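**Student:**
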Amino acid sequence: MTKPATPSATQSATPAATPPARPAARFDLPEPDAFTEPYWDAAREGHLLIRRCGACAKPHHYPREFCPHCWSEDVTWERASGRATLYTWSVVHRNDLPPFGSRVPYTAAVVDLAEGPRMMTEIVDCPEDDLRIGMALDVTFRELTPGTSVPVFRKAATPDAAR
689 MTKPATPSAT QSATPAATPP ARPAARFDLP EPDAFTEPYW DAAREGHLLI RRCGACAKPH
749 HYPREFCPHC WSEDVTWERA SGRATLYTWS VVHRNDLPPF GSRVPYTAAV VDLAEGPRMM
809 TEIVDCPEDD LRIGMALDVT FRELTPGTSV PVFRKAATPD AAR
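If you want it as structure tokens, here you go:
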């Protein structure tokens, strides 16, 4: 008969403590860096920023440190009007990434900002049957966590002709 092995000096006789549970990953949270911080700070305050090139005068979005039209690095932040028109959309009925699963169905969209750039976003507070290509939209902001907001769009309060 053999004796059971005893723990060596490098092994513990008790099991390792279970590490504390980490919060579930969230795939909707931005990861600001030194360059994009002004954009996210403005969003927290309820303002949408775009970039405008000093060399060719063209606006762009998403924020980049250079102009995607002429490659100039002479770009500055500019407050957008918050007006847009709906270019295209898709109603998402299934998304397994947290926290999107709790939001389905939701409307993922591409909008044309009044200043010119196209932007990916979400349409909120608008029934699917009311969505129309070219419909007028206004920016609003969804608070994801305290201090973190993202731009989303809703049907404009005033029609295109009055804007």
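Quick note: the sequence shown uses the numbering used here, first residue 689, plus one each step. Heads up, the beta-carbon is just placed ideally off N, CA and C, and yes, glycines get one too. Just so you know, these numbers come straight off a predicted model, no measurement behind them.
#1: Work out the CA separation of His-749 and Ala-797 for me, nearest whole Å.
#2: Comparing alpha-carbon positions, which option in Arg-739, Asn-783, Pro-815 and Cys-814 lies nearest Leu-801?
#3: Put Pro-718 into one of helix, strand or coil per three-state DSSP.
#4: Just how far apart, CA to CA, sit Arg-791 and Ser-769?
#5: Drop a sphere of 10 angstroms on the beta-carbon of Ile-811, count the other beta-carbons inside from all chains shown, and report buried for 16 or more, exposed for fewer.
#6: Just mark Cys-741 as buried or exposed, buried being the case when its beta carbon has 16 or more other beta carbons within 10 Å.
#7: Buried or exposed, going by whether 16 or more other CB atoms sit within 10 Å of the CB of Ala-849?
#8: Going by Cα to Cα distance, which pick from Pro-805, Arg-842 and Val-838 is closest to Ala-731?
#9: What is the residue span of the alpha helix (DSSP H) that Glu-725 lies within?
#10: Which same chain residues end up closer than 7 Å to Thr-809 when comparing Cβ atoms and leaving out the 5 residues on each side of it in sequence?
**Tutor:** Looking at the atomic coordinates:
#1: 15 Å
#2: Arg-739
#3: coil
#4: 27 Å
#5: buried
#6: buried
#7: Reliability fails at Ala-849, whose pLDDT of 48 lies under 50, so the model's placement of it is uncertain and no value is given.
#8: Val-838
#9: 725-732
#10: Ala-797, Val-799, Pro-839, Val-840 and Phe-841
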